[in-house]
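Once you know that position 75 of the sequence shown is 75 in UniProt numbering, the rest is easy, because the numbers rise by one and skip nothing.
Think of the CB as a built atom: it goes at the ideal place given N, C-alpha and C, for glycine as much as any other residue.
Shown next, in structure tokens, is the structure this report addresses.
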Amino acid sequence: MDVVTLMAIGLLTGATTVLFGFGGGFVAVPVVVWADAALGTAALPVATATSALVMVVNAAFATAVTPRSVLLALRGTGALLPLLAVGAAAGAYASRFAPAALARWAFVAYVALTALDLLLRPGFLRPATRTGRAPERDPRPLPATAGAPIGAVAAFLGVGGSVMTVPAMRRAGHPMRVATALANPLTLAVALPAVAVSLAGSPPPAVPASGTGLVGLVDPYAAGALLLGALPVIAVLRRRPPRIPDRVHACAYLALLAVVALAMALTPV
1 MDVVTLMAIG LLTGATTVLF GFGGGFVAVP VVVWADAALG TAALPVATAT
51 SALVMVVNAA FATAVTPRSV LLALRGTGAL LPLLAVGAAA GAYASRFAPA
101 ALARWAFVAY VALTALDLLL RPGFLRPATR TGRAPERDPR PLPATAGAPI
151 GAVAAFLGVG GSVMTVPAMR RAGHPMRVAT ALANPLTLAV ALPAVAVSLA
201 GSPPPAVPAS GTGLVGLVDP YAAGALLLGA LPVIAVLRRR PPRIPDRVHA
251 CAYLALLAVV ALAMALTPV
């Protein structure tokens, strides 16, 4: 996959970072698997690690340009961020030893089940019937106890935390524009330890020791090209955010989950 194609896909990761809180993981994992298909079964662990690096940079930049008034909604989360980081470190370490087929189909299954949950259970596309109120009218912080499991699963699959934090914050009462913006700092807490584990360790047996251009498990060529496309888009969309009706925004999030699950299921690894 050439640099122009990767940069074009980077534009999409930048858009998903701002509009849906995805720091790049959902898009980057299938793309890097395709880009590094020559690595065979090692392509998925490399894609997961590279995705984490892309997410760190995208999420950090998006957080830095997010209005402080929005970030203040994270007050009251207590130990959530450090527990996300602890869980992410454990998940990233475990992913180094998981069979490629297990990691791939766990990714597909998790995303597909999440999409079904959002479609069928009240609280995301429509208000929860037990309260009778629109989601955005009763915002609550995420419980700190959710941090470790969210971090572990997200880092293991290489998807960041947005697939769990956006629905959770939506059901906690935040509108989509706030839930997706807050997903960026939460994704940063997940991706930072995952990147540290990926860069510090030696490649697992499935990854060739030399001649691949990898740094640890990270493909710097793919990561750099994706970021070159993503960062300008993040800057523009944060300054001039599009006006999207809340329900349309939620439906688009759900549709993107379905597309990514399908793309990963069809990836030839």
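Any idea which residues DSSP pairs valine 215 with across the strands? Stepping through the sequence shown from its first residue, residue 215 is reached at position 215. Val218.
With DSSP collapsed to three states, give me the class of proline 232. Residue mapping note: residue 232 aligns to position 232 of the sequence shown, counting from 1. Proline 232 falls in the helix class under three-state DSSP.
Using the rule of at least 16 other Cβ atoms within 10 Å of the residue's Cβ for burial, across every protein chain shown, is leucine 257 buried or exposed? As a first step, residue 257 is located in the sequence shown; it is residue number 257 there, counting from the start. Buried is the call here.
Leucine 125 (DSSP reduced to helix, strand or coil): Counted from its first residue, the sequence shown places residue 125 at position 125. It is coil, neither helix nor strand.
Host alpha helix (DSSP H) of aspartate 2 (start-end): Against the sequence shown, residue 2 aligns to sequence position 2. Element bounds for aspartate 2: n/a, residue is neither H nor E.
Secondary structure at glycine 21, three-state DSSP: helix, strand or coil? Along the sequence shown, one-based indexing puts residue 21 at 21. In the structure shown, glycine 21 sits in coil (DSSP, three-state: anything other than H, G, I, E or B).
Taking the alpha-carbon positions, what's the valine 218 to leucine 102 distance? In the sequence shown, residue 218 corresponds to position 218, counting from 1. In the sequence shown, residue 102 corresponds to position 102, counting from 1. Taking the straight line from one Cα to the other gives about 20 Å.
Taking 8 Å as the threshold (C-beta atoms), are glycine 216 and alanine 49 in contact? Taking the sequence shown and counting its residues from 1, the one referred to as residue 49 is at position 49. Taking the sequence shown and counting its residues from 1, the one referred to as residue 216 is at position 216. Cβ distance < 8 Å, so alanine 49 and glycine 216 count as in contact.
Do leucine 199 and alanine 144 count as a contact pair if the criterion is CB distance below 8 Å? The residue given as residue 144 occupies position 144 in the sequence shown. The residue given as residue 199 occupies position 199 in the sequence shown. Cβ distance not < 8 Å, so alanine 144 and leucine 199 don't count as in contact.
Taking 8 Å as the CB-CB limit, is alanine 109 close to chain C? Protein chain content of the structure displayed is limited to a single chain, and chain C is not contained in it.
What separation, rounded to the nearest whole angstrom, lies between the Cα atoms of isoleucine 234 and leucine 254? Your numbering for residue 234 matches position 234 in the sequence shown. Your numbering for residue 254 matches position 254 in the sequence shown. Cα to Cα, the separation comes out at about 21 Å.
DSSP state of arginine 240 mapped onto helix, strand, coil: Locating residue 240 in the sequence shown gives position 240, counting from the first residue. Coil at arginine 240, not helix or strand.
Cβ-Cβ distance between leucine 119 and leucine 125 below 8 Å: Numbered from its first residue, the sequence shown carries residue 119 at position 119. Numbered from its first residue, the sequence shown carries residue 125 at position 125. For leucine 119 and leucine 125, yes; Cβs fall inside 8 Å.
At a cut-off of 7 Å, would you count alanine 79 as near the ligand NAD, judging by its Cβ distance to the nearest heavy atom? Absent from the structure shown: the ligand NAD. Ligands present: none.
For alanine 148, which three-state DSSP category applies? For the purposes of this step, residue 148 is taken as the residue at position 148 of the sequence shown. Note: alanine 148 maps to helix in three-state DSSP.
The alpha helix (DSSP H) spanning alanine 196 covers which residue range? Taking the first residue of the sequence shown as 1, we reach residue 196 at position 196. Counting along the chain, the alpha helix (DSSP H) containing alanine 196 begins and ends at 176-200.
Can you tell me where the alpha helix (DSSP H) with proline 45 in it begins and where it stops? In the sequence shown, the residue the question calls residue 45 occupies position 45. Counting along the chain, the alpha helix (DSSP H) containing proline 45 begins and ends at 43-64.
Consult DSSP for leucine 142 and reduce its assignment to one of helix, strand or coil. Within the sequence shown, numbered from 1, the residue matching residue 142 stands at position 142. In the displayed model, leucine 142 falls within coil according to three-state DSSP, outside both helix and strand.
DSSP three-state assignment for glycine 173, whether helix, strand or coil: As a working note, residue 173 is residue 173 in the sequence shown. In the structure shown, glycine 173 sits in coil (DSSP, three-state: anything other than H, G, I, E or B).
What's the gap between the Cα of alanine 252 and the Cα of valine 259? Start at 1 with the first residue of the sequence shown, and residue 252 comes out as number 252. Start at 1 with the first residue of the sequence shown, and residue 259 comes out as number 259. So the alpha carbons of these two residues sit roughly 11 Å apart.
Using the Cα positions of threonine 165 and proline 67, report the straight-line distance between them to the nearest angstrom. By 1-based counting over the sequence shown, the position of residue 165 is 165. By 1-based counting over the sequence shown, the position of residue 67 is 67. Roughly 19 Å separates the two Cα atoms.
Using DSSP with H/G/I as helix, E/B as strand and the rest coil, what is aspartate 36? As a position in the sequence shown, residue 36 is number 36, starting the count at 1. Here aspartate 36 sits in coil by DSSP.
For leucine 182 versus alanine 64, is the C-beta spacing smaller than 8 Å? Along the sequence shown, read from residue 1 onward, the residue named residue 182 stands at position 182. Along the sequence shown, read from residue 1 onward, the residue named residue 64 stands at position 64. Not a contact, by the Cβ cut-off of 8 Å.
So, are the CB atoms of valine 86 and alanine 168 less than 8 Å apart? Taking the first residue of the sequence shown as position 1, residue 86 is located at position 86. Taking the first residue of the sequence shown as position 1, residue 168 is located at position 168. Cβ distance not < 8 Å, so valine 86 and alanine 168 don't count as in contact.
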